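Asks: Below you will find the structure I want to go over with you.
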Amino acid sequence: MKKVSLFLLTLAAALLLAACGSTASQSGDADSSDPNLGKYLCTSMEIDGMSLNPDGQWIQLASQGRATVFLSEEPDEGLWSLSGTTFTMTMGGETVATGTLEGGRLTIDLMGTACVFCKEGTFESAQESDIVSPDQAAGDAETEAEAIPDTARFSCGGLYSVTYPTALLHPAEDGLTDLVSDDGLQVWVTRLDSKDQVTSWQEVAEARSNGQDCQNFESFQLIAAGYDAQAILYQGEDGWHSEVLVAFGKNLGRDGKDFYAACLYFAGSSREAVWNQDVQDMVSSLRLEA
């Protein structure tokens, strides 16, 4: 029995996973007559009205009530059961998900996060979610942007990129920011190249709530590119700001470029300007480059 890390933190609540033994073998599943067995791809995740990025997350339902869950960096083991259409999943003896499973569609409440998973190969999973493997994600990102005329990709040093809506934002010409909108929204797409910079960002974020010019402050957690991310939203004398830090806990740099965290920074005149669906979609679109 091993204890695994706390998952999804504040936004998806505190989920302590426990696994026993190695990843369950799937060799016997193909011969099973149970139509519910198989891999279910996540097509949507939502908490408190906020949509999270479902890409690359899945649940494998195996024989003998075994389940393999991939929601962050490594798969974890659990147990599942079905009574009629009522689905239950436990990990480490704790119930972590309840909902329904019917017709290849798994709809669950995962510790406060509303999730929908569709069985791989079904029409619904193909239509509702554009899910690719981690190896394909970086290579397909540019193609995806080209296929959708109202979006484009912005790359940070060739290490990571985000999708932005061209109807709202365009590359800045003055070099002072990365992306700008006609109504004044400014966007910076940066990387942090040391552990000290990550620590410094976290310390500054915590201190902002007590700053003399801080009129409003919010802090919350989310998921980006499969990593836990911290977001802060605050109002100062110069307007509204939102910042999102995606820390990797290790150096993912290459070609002489250190890369410990991705950071997105938005500045605008109102709360709605710096934290809306377009902004959240940009954060969710973050992809690490190969």
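Numbering (the working numbering) for the sequence shown: 987 to 1276. Where is the CB? At the ideal position from N, CA and C, for every residue including glycine. Computed from a predicted model, the values in this text were never measured in an experiment.
Near Y1150, what residues of its chain come up, given a Cβ to Cβ distance below 7 Å and the 5 sequence neighbours on each side ignored?
Replies: What you label residue 1150 is simply residue 164 of the sequence shown in a count that begins at 1. If we look at Y1150 and ignore the five residues flanking it on each side, its Cβ neighbours are T1137, A1138, F1140, L1165 and M1268.
Asks: Determine the DSSP secondary structure at S1255, reduced to helix, strand or coil.
Replies: As a first step, residue 1255 must be located in the sequence shown, where it is residue number 269. In this structure, S1255 counts as coil in the three-state DSSP scheme.
Asks: Buried or exposed, going by whether 16 or more other CB atoms sit within 10 Å of the CB of V1190?
Replies: Along the sequence shown, read from residue 1 onward, the residue named residue 1190 stands at position 204. Looking at its Cβ environment, which holds fewer than 16 other Cβ atoms inside 10 Å, V1190 is exposed.
Asks: Could you tell me the alpha carbon to alpha carbon distance between L1057 and S1167, rounded to whole angstroms?
Replies: One-based indexing of the sequence shown puts residue 1057 at position 71. One-based indexing of the sequence shown puts residue 1167 at position 181. L1057 and S1167: Cα-Cα distance of roughly 34 Å.
Asks: Could you tell me which of G1254, Q1207, Q1266 and V1102 sits nearest to Q1043, measuring between CA atoms?
Replies: Here residue 1043 refers to the residue found at position 57 when the sequence shown is read from its first residue. Closest option to Q1043, Cα to Cα, is V1102.
Asks: Please say whether M1077 and D1062 have beta carbons closer to each other than 8 Å?
Replies: Translated into positions along the sequence shown, residue 1062 becomes position 76. Translated into positions along the sequence shown, residue 1077 becomes position 91. It is a contact, given that the beta carbons lie within the stated cut-off.
Asks: Within 10 angstroms of the Cβ of Q1046, are there 16 or more other Cβ atoms? Answer buried if so, exposed if not.
Replies: Numbered from its first residue, the sequence shown carries residue 1046 at position 60. The residue is buried, with at least 16 neighbouring Cβ atoms inside 10 Å.
Asks: Could you name the residues that DSSP lists as bridge partners for K1025?
Replies: Stepping through the sequence shown from its first residue, residue 1025 is reached at position 39. For K1025, which the question treats as bridged, DSSP gives the partners Q1046.
Asks: Can you name, in chain order, every residue of its own chain whose Cβ lies under 7 Å from the Cβ of F1234, other than the five neighbours on each side?
Replies: Residue 1234 sits at position 248 when you count from the first residue of the sequence shown. Here the set comprises Y1213, Y1246 and A1247.
Asks: Among T1093, L1231 and G1064, which one has its Cα closest to the Cα of K1181?
Replies: On the sequence shown, residue 1181 is found 195 positions in, with the first residue counted as 1. Residue L1231 is the option with its Cα nearest to K1181.
Asks: In this structure, does DSSP put S1180 in helix, strand or coil?
Replies: Translated into positions along the sequence shown, residue 1180 becomes position 194. DSSP places S1180 in coil when its eight states are reduced to three.
Asks: Identify whether M1097 lies in helix, strand or coil by the three-state DSSP scheme.
Replies: In the sequence shown, the residue the question calls residue 1097 occupies position 111. The answer is coil: DSSP assigns M1097 none of H, G, I, E or B.
Asks: Determine the DSSP secondary structure at A1191, reduced to helix, strand or coil.
Replies: Your numbering for residue 1191 matches position 205 in the sequence shown. In this structure, A1191 counts as helix in the three-state DSSP scheme.
Asks: Using the three-state DSSP reduction, which class does T1185 fall into: helix, strand or coil?
Replies: Position 199 of the sequence shown holds residue 1185. Helix at T1185.
Asks: Check for me: the beta strand (DSSP E) holding D1168 runs from which residue to which?
Replies: By 1-based counting over the sequence shown, the position of residue 1168 is 182. No beta strand (DSSP E) contains D1168, which DSSP labels as neither H nor E.
Asks: Taking the beta strand (DSSP E) that D1062 belongs to, which residues open and close that run?
Replies: Along the sequence shown, read from residue 1 onward, the residue named residue 1062 stands at position 76. Element bounds for D1062: D1062 to S1069.
Asks: Measure the Cβ-Cβ separation of P1040 and T1029 and say whether it is below 8 Å.
Replies: Here residue 1040 refers to the residue found at position 54 of the sequence shown. Here residue 1029 refers to the residue found at position 43 of the sequence shown. Yes, the pair counts as a contact, with Cβ atoms nearer than the cut-off.
Asks: Per DSSP, which residues does M1036 bridge with? Please list them.
Replies: Here residue 1036 is taken as the residue at index 50 of the sequence shown, counted from 1. Bridge partners of M1036: I1033.
Asks: In angstroms with no decimal places, state the Cα-to-Cα distance between W1261 and L1027.
Replies: The residue given as residue 1261 occupies position 275 in the sequence shown. The residue given as residue 1027 occupies position 41 in the sequence shown. Roughly 28 Å between the two C-alpha positions.
Asks: Going by DSSP in three states, S1271 sits in which element: helix, strand or coil?
Replies: Locating residue 1271 in the sequence shown gives position 285, counting from the first residue. Reduced to three states, the DSSP call for S1271 is coil.
Asks: Spatial neighbours of E1088 within its chain, please: C-beta separation below 6 Å, excluding the five flanking residues on both sides.
Replies: One-based indexing of the sequence shown puts residue 1088 at position 102. Taken in chain order, the residues that qualify are T1071.
Asks: Among the candidates D1241, S1271 and G1225, whose CA atom is the shortest distance from the CA of A1259?
Replies: Locating residue 1259 in the sequence shown gives position 273, where the first residue counts as 1. Nearest option by C-alpha distance: G1225.
Asks: For E1106 versus K1236, is the C-beta distance shorter than 8 Å?
Replies: For the purposes of this step, residue 1106 is identified with residue 120 of the sequence shown, where counting begins at 1. For the purposes of this step, residue 1236 is identified with residue 250 of the sequence shown, where counting begins at 1. No, they are not a contact pair.
Asks: For the beta strand (DSSP E) that W1226 lies in, which residues bound it at each end?
Replies: Walking along the sequence shown from the start, residue 1226 turns up at place 240. Start and end: G1225 to A1233.
Asks: Rounded to a whole number of angstroms, what is the C-alpha to C-alpha distance between Q1201 and L1238?
Replies: On the sequence shown, position 215 is the one that residue 1201 refers to. On the sequence shown, position 252 is the one that residue 1238 refers to. Whole-angstrom Cα-Cα distance: 36 Å.
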